[in-house]
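Taken in order, the sequence shown gives residues 1 to 311; the numbers are from UniProt numbering.
Below: one structure, written as structure tokens.
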Amino acid sequence: MNNCARQSELLFLWDARMCNPNGDMGSDNAPRFDDVDEKAIVSDVRIKRTVRDDLQYRKKELIYINNEEIISGGLQAEERFDQIKDKSNLEDGRDVFLTCIDNRLFGGVAPKSNIQLVGPVQFAWTKSLNKTETVLKPGTGAFATKGKDGQEKNSKTFRADNYIPYGLFAMYGTVNRLQALKASTTEEDIQKMLDSLWFGTKLLNTRSKQGQKPRMMIRIIYKEESSYFIGLLDELVALGNEDSQMIRRISDAELDFSGLASAITKADLFIESVDIVLDDSLSSYQEALSEIPKVNIVDEVVFSSQGIQKG
């Protein structure tokens with residue numbers, strides 16, 4: 001397969017301020033939270049939804065897991081498959097299935113068509129690097145209505161806002177070359193996914209999700225035919241703040257990437273390149289990151305305009 005997605009590892013750092021990065025439906029949509037270590041949690045499903053929504057609405061890509069139709073009409077997997085097949089000129093069910101970029105990235109199922117595919121791109125559940133807390137604040141809303149007498153009246157609604165004051169997250173992900181071959185996943189697919197991971201996070205604009213921003217994204221691309229992984233890159237990023245629960249903005253965080261740099265340097269034999277997108281807020285770490293072998297660092301503006309260009 002030409003231009004098959006390369007074996008690679010991902011590390012994505014972003015933060016969330018005064019918002020709910022991932023609500024738990026089993027707990028009245030309160031932020032997912034580990035009461036033992038006092039850290040916020042974001043699931044892989046939440047991250048994939050961010051990517052899918054951006055691919056669908058901003059990039060106009062064909063998506064299999066159409067969240068809008070699922071929510072509004074309870075659309076099932078096989079119904080969605082039939083929708084796509086009816087609009088295509090393809091006969092083979094697998095070919096129809098793989099016209100959707102999210103299936104090529106994350107895999108999926110069409111049970112009656114006997115299609116079950118493990119996607120090459122997988123994300124781990126993520127915990128905040130810092131300790132935080134969940135906050136429940138009551139709120140009200142007002143709107144005008146007309147009474148039985150035809151007179152306008154002011155009515156109020158009551159709500160409860162669940163959020164975390166601040167969370168800095170480091171998410172680990174992988175791109176498996178062998179699964180990419182099975183799913184016909186291309187490097188172009190991966191580049192689109194990375195763009196949507198970054199800007200989809202930045203453009204989250206619902207009331208509960210507003211307040212998140214991407215800070216750094218690392219992709220370690222391995223040499224052709226390599227099946228090597230360093231593994232769990234998120235564990236290699238340290239936060240030096242003793243009172244991390246007091247962090248309220250990215251400038252408060254004392255990040256240490258020395259463990260990550262050491263692991264990448266040790267694995268240099270297997271690596272083709274290390275691509276980093278860096279937000280200006282973390283520019284103070286650029287000099288240290290530049291010491292990593294085969295590194296290519298770009299800022300958000302360059303990434304937005306042309307992606308990561310190999311130097």
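Don't be surprised by glycine CBs; every beta carbon is placed ideally from N, CA and C.
These numbers were taken from a predicted model, which means no experiment stands behind them.
Taking 8 Å as the cut-off, the beta carbon of V274 is found closer than this to the beta carbon of I292.
The beta carbon of C19 lies closer than 7 Å to those of Y163, S208, K209, Q210, G211, Q212 in the same chain, with the five residues before and after it left out.
Between the region 181-195 and the region 35-43 there are fewer than three inter-stretch CB-CB distances shorter than 8 Å, so the stretches are not counted as touching. Taking 8 Å as the cut-off, the Cβ atoms of G23 and A30 count as close. Here V121 is near G173, since their CB atoms are less than 8 Å apart.
DSSP, reduced to helix, strand and coil, places K213 within a strand of the structure shown.
Straight through space, the alpha carbons of R46 and D34 are spaced by roughly 17 Å. The beta strand (DSSP E) runs of length 3 or more contained entirely in the region 253-301 are, from start to end of the chain, 271-278, 295-299. Spatial neighbours of A180 in its own chain (CB-CB distance under 7 Å, excluding positions within 5 residues in sequence) are listed in chain order as C4, A5, P120. Within the same chain, Cβ atoms closer than 7 Å to the Cβ of L255 are found at V237, L239, Y285, the five residues on either side in sequence being excluded. Bridge partners of Q116 according to DSSP: V109. When secondary structure is reduced to three states using DSSP, E224 falls in the coil class, being assigned neither helix nor strand. Excluding five sequence positions before and after E224, none of the CB atoms of its chain fall closer than 6 Å to its own CB. For Y64, the closest C-alpha among the options L117, E272, S244 is that of L117. A16: member of the beta strand (DSSP E) spanning 8-19, first to last residue.
Put simply, of L269, R249, A267 the residue whose alpha carbon is nearest the alpha carbon of L282 is R249. Here the alpha carbons of T134 and Q245 stand approximately 11 Å from one another.
With contacts defined by Cβ atoms closer than 8 Å, E287 and I221 do not form a contacting pair.
Per DSSP, A77 is one residue of the alpha helix (DSSP H) stretching across 77-87.
For Q179, the enclosing alpha helix (DSSP H) covers residues 177-183. By alpha-carbon distance to S227, the top candidate from Q7, L168, M1 is Q7. DSSP, read as helix, strand or coil, puts T126 in strand. Per DSSP, I41 is not a residue of any alpha helix (DSSP H); the beta strand (DSSP E) it occupies stretches across 39-42.
Residues D54, R58 of the same chain have their beta carbon placed closer than 8 Å to that of L203, with the five preceding and five following residues left out of the count.
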